[in-house]
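Comments concern the structure below.
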Amino acid sequence: MSSSKTTKAIEKTAHCSSMQEVRARVDALDDILVPLLVERGGYMTQAARIKASENQVRDEKRIEFIVARVRERAAAEGGNPDVIEAIYRSMMEAYIAFEHEEFARLRAGATQT
């Protein structure tokens, strides 16, 4: 019995007969992804609250760790690691910018009386 918890997500992709079906399935996946991305953003707010210095917002070692991890996961799922890396790097840049904003917002709120 295999101990692997990963599945080949690419093998679960339904065979579509039309662009309408492709778009409907992509829309359904977006309905799953958006709440997860919003939740991820909530953790960026928590990170901004916890970090002592704005210089800690960008963590290159953590970025490279995440990239290596998701590339490995993409390959295990039958996907293209280069595509997943590009998506994640873009997403992380957006979240880093958001975390900088949150860092400033949280500190500004703490100094107001």
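Residue numbers (our numbering): 369 to 481. Even glycine gets a Cβ: it sits at the ideal position worked out from N, Cα and C. As the structure is a prediction and not an experimental result, all values here were calculated from the model.
Taking the alpha helix (DSSP H) that residue 394 belongs to, which residues open and close that run?
387–418
Under the assumption that residue 391 contacts residue 382 (Cβ atoms under 8 Å), give the Cβ distance between them as a whole number of angstroms.
Actually they are not in contact, since the Cβ atoms of residue 391 and residue 382 sit about 13 Å apart, beyond 8 Å.
What span of residues does the alpha helix (DSSP H) with residue 320 cover, start to end?
Limits of the chain in this structure are 369 at one end and 481 at the other, which puts residue 320 out of reach.
When you compare each of 444, 448 and 453 to residue 436 by their alpha carbons, which one comes out closest?
Looking only at 444, 448 and 453, the smallest Cα-Cα distance to residue 436 is reached by 453.
Whole angstroms are fine: how far does the CA of residue 455 sit from the CA of residue 420?
29 Å
Residues of its chain near residue 376, where Cβ-Cβ distance is below 7 Å and the 5 sequence neighbours each way are ignored:
Sequence-distant Cβ neighbours of residue 376 in its own chain, meaning closer than 7 Å and more than five residues away, are 445 and 446.
In whole angstroms, what is the alpha-carbon distance linking residue 461 and residue 380?
30 Å
Quick one: grab the DSSP three-state call for residue 423.
helix
From this set, 476, 468 and 477, which residue's C-alpha is nearest residue 416's C-alpha?
468
In the DSSP assignment, find the unbroken alpha helix (DSSP H) run with residue 377 in it and report its ends.
377–380
Please identify the residue among 478, 477, 471 and 475 whose C-alpha is closest to the C-alpha of residue 424.
471
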